[in-house]
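K.L.:
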Amino acid sequence: MKVAVVVFPGSNCDHDAYWSYRHLIGVETVFAWHKEADLHGADAVVLPGGFSYGDYLRCGAIASRSPVMRAVSEFARRGGPVIGICNGFQILCESGLLPGALLRNRDLRFLCRDVYLRCESNASPFTRRLERGQTIRAHIAHGEGNYFADEQTLARLEGDGRVAFRYVSPQGGDEPEWNVNGSARAIAGVLNEGKNVLGLMPHPERMDEAILGCTDGLAILEGVLGGRRAAAGAGA
Amino acid sequence: MTARITITPRKTVLDPQGRAVTGSLHALGFAEAADVRIGRFIEIRLDPPPRGGASEARERVDRMCRELLANPLIEDYRFEIES
Amino acid sequence: MSAPARTEEPGVTLERAREHGLTDEEYATACRIAGRTPSWTELGVFSVMWSEHCSYKSSRKHLRGLPTTGARVLQGPGENAGVVDIGDGWAVAFKMESHNHPSFVEPYQGAATGVGCILRDVFTMGARPIASLNSLRFGDPANARMRFLVGGVVGGIGGYGNSFGCPTVGGEISFHPSYNGNILVNAFNLGLVPADRIFLGKAAGPGNPVLYAGSRTGRDGIHGASLLASAEFDASSQDKRPTVQVGDPFAEKCLLEACLELMKTDYIVGIQDMGAAGLTSSSFEMASRAGSGVALDLDRVPRREEGMTPYEVMLSESQERMLIVVKKGHEEDAREIFRKWDLEAEVVGTVTDGGRVVATSEGRTVVDLPARPLAEEAPLYDRPAATPEWQAAVQALDPATVPLPADAGAALRALLGSPNLCAREWAWEQYDQTVRSNTVVRPGSDAAVVRIKGTGRAIALSVDCNSRWCYLDPYEGAKAAVAEAARNVAAAGAHPIGLTDCLNFGNPERPEIMWQFREAIRGLSDACRESGIPIVSGNVSFYNETEGRGIHPTPTVAVVGLLERADRHAASRFRAAGDAIVLLGTPTDELGGSEYLAVVHGREAGLPPRVDLAAEGRLRALLIAGIADGLILTAHDVSDGGLAVAAAECAILPVLRDEAPLGAEIDAGAAGLRPDAVLFGEGTGRAIVTCDPVRSRELLALAESRGVPATLAGRVGGDRLRITSAGRVLLDEETGRLVAIWRGALPRLMSTGAGTGD
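Chains as they are written, first to last, in my numbering: chain A, 1 to 236; chain B, 237 to 319; chain C, 320 to 1077.
1) Whole-angstrom Cβ separation of G384(C) and V855(C), contact assumed at under 8 angstroms?
2) Mind listing the chain B neighbours of D55(A)? Cutoff is C-beta to C-beta under 8 angstroms, in chain order.
3) Using 8 angstroms as the Cβ pair cut-off and three pairs as the minimum, do the segment 582 to 590 of chain C and the segment 509 to 523 of chain C touch?
4) Give every residue of the same chain whose Cβ lies closer than 7 angstroms to the Cβ of R447(C), excluding the five residues on either side of it in the sequence, and list them in chain order.
5) Compute the Euclidean distance between the alpha carbons of Q557(C) and K572(C), then round it to the nearest angstrom.
6) Of all the residues that make up the segment 100 to 112 of chain A, which are near chain B by a beta-carbon distance shorter than 9 angstroms?
7) I need the boundaries of the alpha helix (DSSP H) containing Q710(C), first residue and last residue.
8) So, under 8 angstroms CB-CB, F413(C) and T758(C) are touching, yes? Tell me the CB distance rounded to an integer number of Å.
9) Identify each residue in the segment 267 to 278 of chain B for which the Cβ-Cβ distance to at least one residue of chain A is less than 7 angstroms, and report them in chain order.
10) Going by the beta-carbon positions, is the gap between V912(C) and L791(C) smaller than 9 angstroms?
11) Taking only runs that begin and end inside the segment 130 to 168 of chain A, name each unbroken beta strand (DSSP E) of 3 or more residues, in chain order.
12) With distance defined between alpha-carbon atoms, name the residue in H871(C), K798(C) and N807(C) nearest to N823(C).
13) Answer with buried or exposed for S1070(C), where buried requires no fewer than 16 other C-beta atoms within 10 angstroms of its C-beta.
14) State the DSSP-derived secondary structure class of A940(C), mapped to helix, strand or coil.
15) Mind checking which residues open and close the beta strand (DSSP E) that includes L902(C)?
16) Candidates L941(C), F999(C) and P1066(C): which alpha carbon is nearest P1028(C)'s?
17) Can a CB atom of chain C be found closer than 9 angstroms to the CB of P202(A)?
18) What residues from the segment 274 to 303 of chain B come within 7 angstroms of chain A, judged by C-beta to C-beta, listed N to C?
19) From the beta carbon of E222(A), is the nearest beta carbon of chain C less than 9 angstroms away?
20) So which residues of chain A does D1079(C) contact, with C-beta pairs closer than 8 angstroms?
21) Can you grab the Cα-Cα spacing for the pair S850(C) / A804(C), in whole Å?
22) Counting contacts by CB-CB distance shorter than 9 angstroms, is L305(B) in contact with chain A?
23) Kindly identify the DSSP beta-bridge partner or partners of T242(B).
24) If you scan the segment 344 to 415 of chain C from start to end, which runs of the alpha helix (DSSP H) of 4 or more residues do you find wholly inside it?
25) Does K559(C) come out as helix, strand or coil in the three-state DSSP assignment?
26) Chain B beta carbons: is any one of them nearer than 9 angstroms to that of E94(A)?
27) According to DSSP, M641(C) sits in a beta bridge with which residue or residues?
28) For K572(C), which residues in chain A fall below 7 angstroms Cβ to Cβ?
29) If you draw a straight line from the C-alpha of F999(C) to the C-alpha of G960(C), how long is it?
30) Please confirm whether any heavy atom of the ligand NAD lies closer than 8 angstroms to the CB of Y116(A).
31) Below 8 angstroms, can you find three or more Cβ-Cβ pairs linking the segment 914 to 922 of chain C to the segment 1061 to 1068 of chain C?
32) Looking at the unbroken alpha helix (DSSP H) that takes in Y56(A), where does it start and where does it end?
33) Taking Cβ positions, are I241(B) and R296(B) nearer each other than 9 angstroms?
34) Per DSSP, what kind of secondary structure is S600(C) in: helix, strand or coil?
35) Could you pull the DSSP bridge partners for W834(C) from this structure?
36) Against chain A, does Y313(B) count as a neighbour if the rule is that its beta carbon must be under 9 angstroms from one of theirs?
This is the structure we're talking about:
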């Protein structure tokens, strides 16, 4: 099993994703430089968080036009698992691999805090270790995480089971105050048609070690290794 | 030759910045300020200008907008070419 | 000063020297060092190198007495950052810097570039930045412009730090009218560096090329360092807007990665960032440290504006630039690394022997000066100091004139809702606290804790200063700042290994200010010496005055602590109902300089509580031992607001936003003390800790063996905070009500300026 973490100028969470895959999960992990359309034979691809190109023009806009994204698109088209975290999610939307766009947070401020997510679909490599309806603790740190898509697209996403995560209360309820960035339908993560590409705003790689206070994110990253969770969900 | 491009959020997209600014304008006494939308202005000097003159420039700038400068899902764009 | 023609510089006269901020005597010295009348560009060089901000001319003499050495110290003051060994082959490089004046003029960019500057100071040493803190002081928040400054500063710190990718894990924000005309923005950063691979800023090896890397040079901040930071504000200060530098965190991030890649090779001889006074200070300082010289060809400096004069190129404070001396023959290797990151890098000069910095432009020599005198023989002043005539009066406080509050609960609520004590979530949620996946304890606790991957260790960080105490008694106040920061890292379980400071004062040409400064240095020195904490770096910011009114003396300190085991750390919040509460230290009746006196009685007077450094040392040792053993589960020091506020914070600090607050029953003992002193007195050397009830006797025994007074005071539990003393109930409040007041205050204050309380 080999995981490639793509690095753009301005990516910050590339090292965090590398640490999680290489040292916590224990798989071979390499970096894929943005200027080369080369994923080094990886079996799974991570587009990490950060501020690629300083978020200039639009978040992820310039990164999405990098040579490496040609390889990522081809890899995704063939069904390869791709996870885009935070800025990675923005890049996936800008490159057309996922529908929609991430706008500025509703309250116009950068928000760094813990949130809760309900898993709405476990039909993807990254969510197969979670149960549908399971609530997990998560962590966001972004200024532009407000998910937008037109009504038609939203309806299609819901209908096809392609909403991966939603912002919810600690008990898994839909109270609007827990949708802190104003995302349409409180959507925190979505899947592509093939369900092999996941984009999500929260950072599972910051919630995957006991010393960091929570391990709920580990299951999302481990999903690419295959298999289902043996026990019932981790909960909050 | 200079292209002057204005990019604005599409009407269907919520513009929280515009909404916040509307509120501030009202608080300052400008009750007539309605529906503020905040976008981006991009100026590009075309050097050298295309051989086909302004009409070729228009075609190329339009492509620049569609391929990078604007996200058609959430933004509209318009531009002028000035010699 | 009109822009000169490209090839002609204005003539230099005494009048022009005065306009540059030089005294007549300084100008005479400059002429002597130059051996002639300086050129126009040379005049600029003297004026920035000898500005207060760059030369420390009013403070250097007094800083010499500070304790700067220790077994772990790998690099003390004098380089871009201090470096301390943390074991396992690693070291930490850290420093704190001020960006006060630019932030008052343009808060977002002033704060942003302040963060940028300190990041560069750290990574130029070869250290990857892993943790940022900041200490911010603002004036009265009822004022709309002041709220604008608060928003701009917090936004700028977040905007730069988040994009760069270094977590902001802690800090402090305080409000006081003395900062109405001069806000303070002190930015701290710490980075991780292999102990045997520390890079220094020296231009060694004649013949080696000097490489300029990073963003192009523009007209940013010309005279920023000398102009803004070396003079008071007056009515025309708004006109200084164009001299504020603008930062680009993306360029800085690319510069960081390129530099770290370059540092893995053998190509670097010396490296320094271009900060205050830009190319001038880097070239002169690097030459001076190596005892060498530098020949610069200014025409080769990448510019982003047309028609820049040599003067402008030498003095520009454009951000995100580094000056690197590379081993001859490796220029292209180095440039290739920068090109990979889409950064420009140009050879702009050569190291020479002869000890002079010579700069040419368009074939003419515009600078030819000896390096050492400028960097090391700057004017050294021993300005007169005199006790302020009002000092004795403000220190006088007759306790009989302080009435007991009728309602202690109302007093607590007023304190928790006051601008200086309420929750700072509004600010720290705008900072990315967790990027790099190392943050073990986030903002809100006594100290932030950041783990070091691959070592099992962690560092703890705290930045502190009670400026009201320093105003009332600068010596004791400075001692207390050190004691508090050290106590805070100990409360996380870490032992202090180093300190950096940012000394913010008014106009040093006034004897009262000089007295405050010297007393604070004395306090800092005594505290660090007795506590065994070396000062490895620091910064002095003078002239924080507007129209003759200065800020409270504010010697901010940041202490770095080391945790041998990252998983054996503590945070402030109570853990669970049923845990036993133990009070450590001895309460006193000292009310002088307390938040209680200020908020409830509207007075700022008295002597601040005394600091017993030996007792503080014993308390720290107990906390560290108890936490390492797992005996002490949570720890919170008692400081601003006293025991009642500290206990309330333990109950209401949220781990998760939604978590319901806890409660506690505490018997504070302290029979014989007036009740408001029991609840709100800020006597030093104290902490509230918790342990498993079955181990409480063990904890008391450990405390006794360590010489720390300790009492089993109560239990965590319920939904009320109840504090008793000598059989009487002093306080009985519902913690749900307290948390609502505490968390709602700052957001409400920031959006309306309205008062707080319930």
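No residue lacks a Cβ here, since even glycine has one placed at the ideal position from N, Cα and C.
P.N.:
According to the structure shown:
1) Their Cβ separation, rounded to whole angstroms, is 15 angstroms, which puts G384(C) and V855(C) out of contact at 8 angstroms.
2) Against chain B, the beta carbon of D55(A) has no neighbour under 8 angstroms; the closest one sits roughly 13 angstroms away.
3) Inter-segment contact for the segment 582 to 590 of chain C and the segment 509 to 523 of chain C is present: three or more beta-carbon pairs are separated by less than 8 angstroms.
4) Counting only residues of its own chain and dropping the five nearest sequence neighbours on each side, R447(C) has a CB closer than 7 angstroms to the CB of G510, L511 and L579.
5) Confidence is the limiting factor: at Q557(C) the pLDDT is only 47, short of 50, which leaves the residue's position unreliable and the question unanswerable from this model.
6) Of all residues in the segment 100 to 112 of chain A, G100, A101, L103, R104, N105, R106, D107 and L108 have a Cβ within less than 9 angstroms of some Cβ in chain B.
7) Element bounds for Q710(C): Q710 to Q714.
8) Taking C-beta atoms under 8 angstroms as the contact rule, F413(C) and T758(C) fail to qualify, at a distance of about 17 angstroms.
9) Those residues of the segment 267 to 278 of chain B that come within reach of chain A (Cβ to Cβ, closer than 7 angstroms) do not exist; the list is empty.
10) The residue you asked about is not Val; residue 912(C) is Gly in the sequence shown. The answer is yes: Cβ separation under 9 angstroms.
11) Annotation: the segment 130 to 168 of chain A contains the following complete segments of the beta strand (DSSP E) (minimum length 3 residues), in chain order: 135 to 142, 146 to 148 and 163 to 168.
12) Nearest neighbour of N823(C) by Cα position, chosen from H871(C), K798(C) and N807(C), turns out to be H871(C).
13) Burial call: exposed.
14) Residue state, collapsed to three classes: helix.
15) For L902(C), the enclosing beta strand (DSSP E) begins and ends at A899 to L903.
16) In this structure, L941(C) is the residue among L941(C), F999(C) and P1066(C) with its C-alpha nearest to the C-alpha of P1028(C).
17) Cβ-Cβ to chain C under 9 angstroms: no for P202(A).
18) Per Cβ criterion, the list is empty.
19) With 9 angstroms as the cut-off, E222(A) does not count as an interface residue toward chain C.
20) Outside the displayed range of chain C (320 to 1077) lies residue 1079(C), so it cannot be described from this structure.
21) A direct Cα-to-Cα measurement between S850(C) and A804(C) gives close to 12 angstroms.
22) Yes, contact with chain A.
23) Paired residues: F277(B) and R314(B).
24) Taking only runs of at least 4 residues, the alpha helix (DSSP H) segments lying wholly in the segment 344 to 415 of chain C are 359 to 368, 371 to 374 and 379 to 382.
25) The predicted position of K559(C) is uncertain, since its pLDDT is 46 and thus under 50; a value taken from the coordinates is nonetheless stated next. When secondary structure is reduced to three states using DSSP, K559(C) falls in the helix class.
26) Under the 9 angstroms criterion on CB atoms, E94(A) is classed as interfacial with respect to chain B.
27) In DSSP, M641(C) forms a bridge with A532(C) and D592(C).
28) Going along chain A in sequence order, the residues near K572(C) (Cβ under 7 angstroms) are G10.
29) In a straight line, the C-alpha of F999(C) is about 5 angstroms away from that of G960(C).
30) Absence of the ligand NAD from the depicted structure is noted, as is the absence of any ligand whatsoever, leaving it without description.
31) Put simply, the segment 914 to 922 of chain C does not touch the segment 1061 to 1068 of chain C. Fewer than three CB pairs are less than 8 angstroms apart.
32) For Y56(A), no alpha helix (DSSP H) encloses it, and the DSSP letter there is neither H nor E.
33) No; because the gap between Cβ atoms is not below 9 angstroms, this pair is not in contact.
34) It is helical.
35) Under DSSP, W834(C) shares a beta bridge with no residue.
36) The beta carbon of Y313(B) sits no closer than 9 angstroms to any beta carbon of chain A.
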